[in-house]
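J.: The structure that follows is given in the form of structure tokens.
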Amino acid sequence: MEFPLSKSQNKYLIVFVDLFTRWVEFKPVRRATGKAVASALEELVLFRWETPDFLICDNGKEQVNKDVTAVLEAYGIRQVTTAPYTPRMNPTERANRTIKTMIASYVGANHRDWDKHLHELRHAMNTAIQSSTRVSPAFLNYGRHPRPVKSLRREVENPGRRMLGNRRNRVARPYFATRCDSRPRETSPGQGARETSSSL
């Protein structure tokens with residue numbers, strides 16, 4: 001997606017969506033080139049999550065070029081392109097519409113700081129309940145609903161327990177959650193193939 005030039009000289013946003021969980025990853029870049037897309041794919045998807053079986057993208061020159069093809073071949077990912085001039089065929093376009101709406105509500109009068117709150121927007125998208133899955137992408141990835149960073153509901157329902165002020169609260173709730181289960185997880189037969197969609 002193309003935006004006005006920001007204070008940090010970013011103009012484009014590279015977006016990846018996991019089609020199974022609807023998890024969204026995005027990164028602002030200065031130029032929409034094949035090297036930028038390949039680097040973002042490695043950073044946001046391959047080394048953070050896992051190697052998908054497919055990468056669905058449109059026919060833009062930023063996504064179909066020798067740099068992206070080299071990375072996809074190196075990791076054994078099959079690239080699938082959508083039909084030309086049909087944006088509704090690309091599943092990332094729905095996420096792009098949501099991202100544009102969220103950025104427009106945060107930007108206000110100064111259009112040069114659109115990339116300032118991207119981490120908060122990504123968190124909001126990944127913790128929101130999706131109408132298609134009826135759960136949040138975070139729940140599908142982690143198996144639990146993440147605790148909000150700070151919410152009015154939490155402060156109203158638990159007035160005696162402060163976020164950082166109560167020592168008992170810090171000890172009782174660790175920073176991370178682990179699954180204490182010695183049995184290996186069983187996966188269903190259709191759970192192996194994961195697809196990721198990309199868009200600029």
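When we follow UniProt numbering, the leftmost residue of the sequence shown carries the number 1, and every step to the right adds one. A virtual CB, placed ideally from N, CA and C, is assigned to each residue, including glycine.
#1: According to DSSP, simplified to helix, strand and coil, what is R122?
#2: So the candidates are R144, T51, R78, V64; which of them puts its Cα closest to the Cα of N126?
#3: Going by DSSP in three states, T133 sits in which element: helix, strand or coil?
#4: Taking three-plus beta-carbon pairs below 8 Å as touching, is the segment 85–102 in contact with the segment 60–73?
#5: Hey, which unbroken runs of the beta strand (DSSP E) at 3 residues or more fall wholly within the UniProt domain "Integrase catalytic" (1–145)?
#6: With DSSP run on the structure shown, which of helix, strand or coil describes V149?
#7: Alpha carbons only, please: which of K150, M102, W114, E93 is nearest the one belonging to R22?
#8: Taking C-alpha atoms, which residue in T81, L44, G76, H117 lies nearest to K61?
#9: Evaluate D18 with the Cβ neighbour count: other Cβ atoms within 10 Å of its Cβ, from every protein chain shown; 16 or more gives buried, anything less gives exposed.
#10: Would you mind sorting N90 into buried or exposed? The rule is 16 or more other CB atoms within 10 Å of its CB.
#11: Given that a residue counts as buried once 16 or more other Cβ atoms are within 10 Å of its Cβ, and exposed if not, what is Q63?
#12: Return the chain-ordered list of same chain residues with a C-beta closer than 8 Å to the C-beta of R167, the five sequence neighbours on each side being excluded.
#13: Closest by CA to V37, which one among F47, N65, P4, F20?
T.: Per the coordinate set shown:
#1: For the purposes of this step, residue 122 is identified with residue 122 of the sequence shown, where counting begins at 1. Here R122 sits in helix by DSSP.
#2: Counted from its first residue, the sequence shown places residue 126 at position 126. Considering only alpha carbons, the answer is R144.
#3: What you label residue 133 is simply residue 133 of the sequence shown in a count that begins at 1. DSSP, reduced to helix, strand and coil, places T133 outside both helices and strands of the structure shown, so it counts as coil.
#4: When C-beta atoms of the segment 85–102 are compared with those of the segment 60–73, fewer than three pairs fall below 8 Å, so the two segments do not count as touching.
#5: Complete beta strand (DSSP E) runs here, min 3: 12–18, 24–29, 54–57, 78–81.
#6: What you label residue 149 is simply residue 149 of the sequence shown in a count that begins at 1. V149: coil per DSSP, three-state reduction.
#7: One-based indexing of the sequence shown puts residue 22 at position 22. Looking at the Cα atoms, E93 is the closest of the given residues.
#8: Your numbering for residue 61 matches position 61 in the sequence shown. Of T81, L44, G76, H117, the residue nearest in Cα terms is T81.
#9: Translated into positions along the sequence shown, residue 18 becomes position 18. That one is buried.
#10: Walking along the sequence shown from the start, residue 90 turns up at place 90. Per the 10 Å Cβ criterion, buried.
#11: Your numbering for residue 63 matches position 63 in the sequence shown. Taking all protein chains shown into account, Q63 has 16 or more neighbouring C-beta atoms within 10 Å of its C-beta and is therefore buried.
#12: Residue numbering aside, residue 167 sits at position 167 when the sequence shown is read from its first letter. Because R167 sits at a pLDDT of 44, beneath the cut-off of 50, its placement in the model cannot be relied upon, and the following sentence gives the value as read from the coordinates. For R167, where only same-chain residues beyond five positions count, there are no Cβ hits under 8 Å.
#13: As a position in the sequence shown, residue 37 is number 37, starting the count at 1. Sorting F47, N65, P4, F20 by C-alpha distance to the C-alpha of V37 places N65 at the top.
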